[in-house]
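A.B. asks: Got a structure for you, written out below as structure tokens; questions coming shortly.
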């Protein structure tokens, strides 16, 4: 008897390794995490495998909202050619060549126009309402749909339909700095009455305002819209901050908006005290809020602020909470390690101060009357502290050329470590 999604995967892997059902199911990342997704209607596995082979793929609309995207829209549309049944673009009255590029190079793309309403969900939902397909996938204009994704969206839509799972699907979005977002919620069935909510940091939810289960899949997207070398992040930040403040007014008890507002304040280098208070307010709100998806992000951002402001006692408190609530997250160890590192650096500075005091007081040495052995130790300590100015002073204070050469050799050895 098959009870859940992971159980189905195991049974198929044991008996039907060449089946399309298993191959499509394997597009779900870390499927062992989805044991809580119940599978009730599969009674006979062989019958299900055979039936799946006969089914057609669902139709999918690709939706894009645009405004002055001439830099990247052609690249984006080229990447999704032949992957989706229809493409709908909702343009917010672009003043550059965005629309001309689309019309000249992609005549089959349907273009809608509407003045920007300061509400991302509003614009995404218009595209949903204009789609006549079974599913919808949203891609941003500054995204590239990777070549290895060919055919995957259709296969995922087919397997989710077949298993009758009401959920949203998250492709993996790769940022310019190497970070990968796995909770992106861009692909879902249009038969489940799902619409977007939120003026910014919008997400698809059911009509009763409940949050759909999220499934991360082996679809990879490249995103360069957060690259400061390409895009002015200040304008984005101001826009997002204003919209997030509006969402706080609309949903004051939702800690999600407090987290995003604090994050936007931090990105804009605003007052750390305000950021800290906003995050603590969000953490307190999570005690009475069922959806805790951004709880770990809130804790981690607070840890970052407390480390920056040297509030180490309070930081230790939240590290303890982080360890308790998320024992498999390495970031608690990261902050503990940095606290230990900071403590070690303080001890190294005390050692330097201790030695320099003895030198200042003209204490004599039996080991080396020049005190070069002491200066050399101070030099190495400053090197560990990356204190370049005092390293230079310590180096110049050495009388022994042999010690100077020994130090230079040790640095050169480090420079010879091959880079990957």
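In my numbering, the protein residues as written are 2 to 421. Beta carbons: idealized from backbone N, C-alpha and C, even for Gly. In this text, all values refer to a predicted model and were calculated from it rather than measured experimentally.
Under 8 angstroms by Cβ, that's how I've got residue 125 and residue 203 pegged, so tell me the actual separation to the nearest angstrom.
C.D. replies: 6 angstroms
A.B. asks: By a C-beta neighbour count over all protein chains shown, 10 Å radius and 16 as the cutoff for buried, is residue 199 buried or exposed?
C.D. replies: buried
A.B. asks: Within this structure, are the beta carbons of residue 134 and residue 191 separated by less than 8 angstroms?
C.D. replies: Contact check for residue 134 against residue 191 passes: the beta carbons are separated by less than 8 angstroms.
A.B. asks: List in chain order: all unbroken alpha helix (DSSP H) runs of 4+ residues lying wholly within the segment 35 to 111.
C.D. replies: 46 to 55, 74 to 81, 99 to 106
A.B. asks: Let me check understanding here. Comparing Cα to Cα, which of 57, 220, 240 lies closest to residue 173?
C.D. replies: Measuring from the Cα of residue 173, the nearest candidate turns out to be 220.
A.B. asks: From residue 413 to residue 373, what distance separates their C-alpha atoms?
C.D. replies: 21 angstroms
A.B. asks: Below 8 angstroms between beta carbons: does that hold for residue 155 and residue 193?
C.D. replies: no
A.B. asks: Per DSSP, which one or two residues make a beta bridge with residue 215?
C.D. replies: 169
A.B. asks: By a C-beta neighbour count over all protein chains shown, 10 Å radius and 16 as the cutoff for buried, is residue 94 buried or exposed?
C.D. replies: Residue burial annotation: residue 94 is exposed, with fewer than 16 other C-beta atoms found within 10 angstroms of its C-beta.
A.B. asks: Determine whether the beta carbon atoms of residue 396 and residue 415 lie at a separation below 8 angstroms.
C.D. replies: no
A.B. asks: Given a threshold of 16 other Cβ atoms within 10 Å of its Cβ, counted over all protein chains shown, does residue 70 qualify as buried or as exposed?
C.D. replies: buried
A.B. asks: Buried or exposed: which applies to residue 325, given that a residue is buried once 16 or more other Cβ atoms fall within 10 Å of its Cβ?
C.D. replies: exposed
A.B. asks: In whole angstroms, what is the alpha-carbon distance linking residue 50 and residue 17?
C.D. replies: If you take the alpha carbons of residue 50 and residue 17, they lie about 8 angstroms apart.
A.B. asks: Going by DSSP, what residue range makes up the alpha helix (DSSP H) through residue 357?
C.D. replies: 332 to 361
A.B. asks: Spatial neighbours of residue 425 within its chain, please: C-beta separation below 6 angstroms, excluding the five flanking residues on both sides.
C.D. replies: A query on residue 425 cannot be resolved here, the shown segment of the chain reaching from 2 to 421 and no further.
A.B. asks: Would DSSP call residue 207 helix, strand or coil?
C.D. replies: strand
A.B. asks: To the nearest angstrom, report how far apart residue 241 and residue 279 are at their CA atoms.
C.D. replies: 16 angstroms
A.B. asks: Under 8 angstroms by Cβ, that's how I've got residue 349 and residue 389 pegged, so tell me the actual separation to the nearest angstrom.
C.D. replies: The pair is not a contact, with the Cβ atoms about 15 angstroms apart (cut-off 8 angstroms).
A.B. asks: Do three or more CB pairs link the segment 82 to 92 to the segment 54 to 69 at distances below 8 angstroms?
C.D. replies: yes
A.B. asks: DSSP three-state call for residue 319: helix, strand or coil?
C.D. replies: helix
A.B. asks: Since I believe residue 352 is in contact with residue 383 (beta carbons under 8 angstroms), could you give me their beta-carbon distance rounded to a whole number of angstroms?
C.D. replies: Not quite, the Cβ-Cβ distance comes to about 11 angstroms (not below 8 angstroms), so this is no contact.
A.B. asks: Given this structure, state the Cα-to-Cα distance separating residue 366 from residue 359, to the nearest angstrom.
C.D. replies: Computed Cα separation, rounded: 11 angstroms.
A.B. asks: Out of 272, 186, 323, state which residue places its alpha-carbon closest to the alpha-carbon of residue 333.
C.D. replies: 323
A.B. asks: According to DSSP, simplified to helix, strand and coil, what is residue 197?
C.D. replies: strand
A.B. asks: Under 8 angstroms by Cβ, that's how I've got residue 356 and residue 378 pegged, so tell me the actual separation to the nearest angstrom.
C.D. replies: 7 angstroms
A.B. asks: In the DSSP assignment, what are the bridge partners of residue 1?
C.D. replies: Given that the chain is displayed from residue 2 to residue 421, the structure contains no residue 1 and the question cannot be resolved.
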